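Student: Residue numbers (full-length UniProt numbering): 1 to 317. Quick reminder that beta carbons are idealized off the backbone N, C-alpha and C, glycines included. Since the model is a prediction, treat every value here as computed from it, not as a measurement. The structure's right below; bear with me while I get my questions together.
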Amino acid sequence: MSTHPMFKDEGRPEVATRPTILLAEAILIALEDGYRGIQVAGRSGDGKSTASRYLRSHPSWLNQPTPTAWVSMPRRSNGSDNVFYKVIQGALNLTSHPRAAAIDRLSHIVDRISAESEQMGARRFILFIDEAQRLSKDDYEYLANIDDGVNLDGYRLFCVFVNQSDDSSAEKDNRRCRIDDMPPHVVRRFFMADHTFRGLVGVAEIAEALGRYDAMEHDGVPFSAYFAPQAYEKGWRFASDAQKFVKAVDEIRKEANLNGQSDFPMMIFELAVKRLLVHIAGGQEVFREFSYESIKEAITRAGYLKLEFSRARQLRG
1 MSTHPMFKDE GRPEVATRPT ILLAEAILIA LEDGYRGIQV AGRSGDGKST
51 ASRYLRSHPS WLNQPTPTAW VSMPRRSNGS DNVFYKVIQG ALNLTSHPRA
101 AAIDRLSHIV DRISAESEQM GARRFILFID EAQRLSKDDY EYLANIDDGV
151 NLDGYRLFCV FVNQSDDSSA EKDNRRCRID DMPPHVVRRF FMADHTFRGL
201 VGVAEIAEAL GRYDAMEHDG VPFSAYFAPQ AYEKGWRFAS DAQKFVKAVD
251 EIRKEANLNG QSDFPMMIFE LAVKRLLVHI AGGQEVFREF SYESIKEAIT
301 RAGYLKLEFS RARQLRG
């Protein structure tokens with residue numbers, strides 16, 4: 001069977017997992033509490049970036065019309081205000097003369113945020129900043145300048161800072177900001193709310209994520225039914241294999257002498273799901289269900305151990 005178009009190249013179906021829903025709920029609580037930002041922390045591969053992009057492109061979780069933007073903060077050797085504002089301009093699809101002054105870039109950004117808020121009849125603009133662990137103390141000051149300008153126009157900026165907690169290179173470069181390093185006005189704006197983002201935890205969350213593939217449709221056909229039509233028709237559902245996923249991860253960790261349980265990284269989950277659906281279910285003339293062995297192999301080939309060992313090395317520095 002040919003590869004489903006949603007699985008071609010690096011394309012992945014967008015799935016609202018339980019961790020994504022918990023992130024949305026944490027943001028809504030911070031908004032209700034009147035904060036201007038929330039610090040989100042999680043390990044690499046757990047799906048933070050995917051979740052933030054999903055929430056940015058599926059705004060129905062918000063209680064009211066709200067303009068949003070998403071930016072991934074690059075590593076920069078130049079930490080000037082001009083460079084920072086240029087990055088934010090890119091997130092807002094703004095262009096300026098290459099030699100534009102920082103104050104002009106700042107004004108351009110404030111005008112765009114205020115204009116989009118006014119156009120939607122919104123009082124607030126949400127900016128998702130991925131790789132926020134790369135922000136310097138000065139960057140938060142530059143962001144406060146944007147916040148001040150937007151506030152003067154009668155609107156409010158809310159930032160979702162998505163931090164990779166196991167990025168040791170940010171620590172080594174002394175660019176990772178701790179709350180103790182921040183001036184009070186930055187703390188009260190951007191550090192009053194926080195949320196820990198985790199991978200999939202336990203049978204229930206994995207079953208829920210697998211169940212999305214049973215429910216999500218493409219051209220009117222459930223995703224898992226596309227690859228396993230006969231099994232789906234006879235009552236098989238991907239969600240029923242959740243316990244096999246948990247058992248496989250536990251056994252892989254045990255064989256590698258990894259102590260304790262761990263979250264299931266969303267990146268590994270998605271790669272394993274792709275292999276199972278495309279190459280196992282879609283590659284068999286008569287498919288009934290996934291065997292435990294095929295699930296364990298798919299998780300292994302997705303690079304579970306490589307990611308876990310890499311995380312451990314990063315934390316050791």
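Among S291, P222, Y85 and H218, which one has its Cα closest to the Cα of Q243?
Tutor: Locating residue 243 in the sequence shown gives position 243, where the first residue counts as 1. Nearest option by C-alpha distance: S291.
Student: Pull up the CB-CB distance for R275 and R301, whole angstroms please, since I reckon it's below 8 Å.
Tutor: For the purposes of this step, residue 275 is taken as residue 275 along the sequence shown, with counting starting at 1. For the purposes of this step, residue 301 is taken as residue 301 along the sequence shown, with counting starting at 1. Correct: roughly 6 Å between the Cβ atoms.
Student: On the DSSP letters alone, give me the boundaries of the beta strand (DSSP E) that H58 sits inside.
Tutor: Counting from 1 along the sequence shown, the entry for residue 58 is found at position 58. Segment: none, H58 is in no beta strand (DSSP E) and carries neither H nor E.
Student: Under DSSP, the alpha helix (DSSP H) around Q243 begins and ends at which residues?
Tutor: Within the sequence shown, the letter at position 243 stands for residue 243. Per DSSP, Q243 belongs to the alpha helix (DSSP H) from A242 to E255.
Student: Compute the Euclidean distance between the alpha carbons of T17 and G211, then round it to the nearest angstrom.
Tutor: Within the sequence shown, the letter at position 17 stands for residue 17. Within the sequence shown, the letter at position 211 stands for residue 211. Each residue's Cα considered, the two are about 10 Å apart.
Student: In the structure shown, what three-state DSSP assignment does E217 receive?
Tutor: Translated into positions along the sequence shown, residue 217 becomes position 217. Three-state result, E217: strand.
Student: Going by DSSP in three states, D173 sits in which element: helix, strand or coil?
Tutor: As a working mapping, residue 173 is identified with position 173 in the sequence shown. Residue placement at D173 cannot be trusted, given a pLDDT of 47 that sits under 50; the coordinates are not used to answer.
Student: Please go through the same chain and pick out, in chain order, the residues whose beta-carbon is closer than 7 Å to the beta-carbon of L258, but skip the five residues on each side of it.
Tutor: Indexing the sequence shown from 1 puts residue 258 at position 258. The residues are E308.
Student: For I38, which residues does DSSP report across the bridge?
Tutor: As a position in the sequence shown, residue 38 is number 38, starting the count at 1. Answer is V160.
Student: Which first and last residues belong to the beta strand (DSSP E) in which T196 is found?
Tutor: Here the question's residue 196 lines up with position 196 in the sequence shown. It spans D194 to T196 - the beta strand (DSSP E) in which T196 sits, taken as one unbroken run.
Student: Do the segment 31-39 and the segment 92-105 touch if we need at least three Cβ pairs shorter than 8 Å?
Tutor: Touching, no.
Student: Could you give the DSSP three-state label for A69: helix, strand or coil?
Tutor: The residue given as residue 69 occupies position 69 in the sequence shown. Strand.
Student: Do I268 and G45 have their C-beta atoms within less than 8 Å of each other?
Tutor: For the purposes of this step, residue 268 is taken as the residue at position 268 of the sequence shown. For the purposes of this step, residue 45 is taken as the residue at position 45 of the sequence shown. In this structure, G45 lies closer than 8 Å to I268 by Cβ.
Student: Hey, quick one: how far does the beta strand (DSSP E) through L127 stretch, first residue to last?
Tutor: On the sequence shown, position 127 is the one that residue 127 refers to. Its beta strand (DSSP E) spans residues R124 to D130.
Student: Judging by CA-CA distance, which residue of D219, G220 and F238 is the nearest neighbour of A228?
Tutor: The count along the sequence shown starts at 1 and reaches residue 228 at position 228. The residue with the shortest Cα to Cα distance from A228 is F238.
Student: Okay, do the segment 50-59 and the segment 127-135 touch, 3+ Cβ pairs below 8 Å being the bar?
Tutor: A contact exists between the segment 50-59 and the segment 127-135.
Student: Going by CA-CA distance only, name the one from G47, S294 and V83 that's closest to G165.
Tutor: Within the sequence shown, numbered from 1, the residue matching residue 165 stands at position 165. A quick correction: the sequence has Ser, not Gly, at residue 165. For S165, the nearest C-alpha among the options comes from G47.
Student: Would you call Q133 buried or exposed, if buried means 16 or more other Cβ atoms sit within 10 Å of its Cβ?
Tutor: The residue labelled residue 133 in the question sits at position 133 within the sequence shown. Buried.
Student: L106 and A69: beta carbons closer than 8 Å?
Tutor: On the sequence shown, residue 106 is found 106 positions in, with the first residue counted as 1. On the sequence shown, residue 69 is found 69 positions in, with the first residue counted as 1. No, the pair does not count as a contact, with Cβ atoms beyond the cut-off.
Student: Could you tell me the boundaries of the alpha helix (DSSP H) in which F223 lies?
Tutor: Counting from one through the sequence shown, the residue named residue 223 turns up at place 223. Here the alpha helix (DSSP H) through F223 covers F223 to F227.
Student: Please report the distance separating the alpha-carbon of E270 from that of K234.
Tutor: Numbered from its first residue, the sequence shown carries residue 270 at position 270. Numbered from its first residue, the sequence shown carries residue 234 at position 234. For E270 and K234, the distance between alpha carbons rounds to 25 Å.
Student: Just curious, the alpha helix (DSSP H) that R112 is in, first and last residue?
Tutor: Locating residue 112 in the sequence shown gives position 112, where the first residue counts as 1. Element bounds for R112: A102 to M120.
Student: Does the segment 200-209 come within contact of the segment 79-86, defined as at least 3 CB pairs closer than 8 Å?
Tutor: The segment 200-209 is not in contact with the segment 79-86.
Student: Would you mind giving the Cβ-Cβ distance between R124 and Y155, rounded to the nearest angstrom? I have them listed as a contact below 8 Å.
Tutor: Position 124 of the sequence shown, counting from 1, holds the residue named residue 124. Position 155 of the sequence shown, counting from 1, holds the residue named residue 155. At roughly 7 Å, the Cβ-Cβ gap stays under 8 Å, so R124 and Y155 are in contact.
Student: Write down the C-beta distance between K137 and M182 rounded to the nearest angstrom, noting that I regard them as a contact closer than 8 Å.
Tutor: In the sequence shown, the residue the question calls residue 137 occupies position 137. In the sequence shown, the residue the question calls residue 182 occupies position 182. So it is a contact: roughly 7 Å between Cβ atoms.
Student: Less than 8 Å separating the beta-carbons of F190 and F161?
Tutor: The residue you call residue 190 lines up with position 190 of the sequence shown. The residue you call residue 161 lines up with position 161 of the sequence shown. In this structure, F161 lies closer than 8 Å to F190 by Cβ.
Student: Quick check: M120 and P74, are their CB atoms within less than 8 Å of each other?
Tutor: Here residue 120 corresponds to residue number 120 of the sequence shown, with the count starting at 1. Here residue 74 corresponds to residue number 74 of the sequence shown, with the count starting at 1. Going by C-beta atoms, M120 is not nearer than 8 Å to P74.
Student: Given that a residue counts as buried once 16 or more other Cβ atoms are within 10 Å of its Cβ, and exposed if not, what is I299?
Tutor: As a position in the sequence shown, residue 299 is number 299, starting the count at 1. The residue is buried, with at least 16 neighbouring Cβ atoms inside 10 Å.
Student: Is it true that the CB of A26 sits closer than 8 Å to the CB of H195?
Tutor: By 1-based counting over the sequence shown, the position of residue 195 is 195. By 1-based counting over the sequence shown, the position of residue 26 is 26. Their beta carbons are under 8 Å apart, which means H195 touches A26 by this criterion.
Student: Determine the DSSP secondary structure at F190, reduced to helix, strand or coil.
Tutor: By 1-based counting over the sequence shown, the position of residue 190 is 190. In the structure shown, F190 sits in a helix (DSSP, three-state: H, G or I).
Student: For N145, which option in L94, V278 and Y85 has the closest C-alpha, if you only look at C-alpha atoms?
Tutor: Your numbering for residue 145 matches position 145 in the sequence shown. Checked all of L94, V278 and Y85; the closest Cα to N145 is Y85.
Student: What do you get for I29, buried or exposed, if any count of 16 or more other CB atoms within 10 angstroms of its CB means buried?
Tutor: In the sequence shown, counting from the first residue as 1, residue 29 sits at position 29. I29 comes out exposed.
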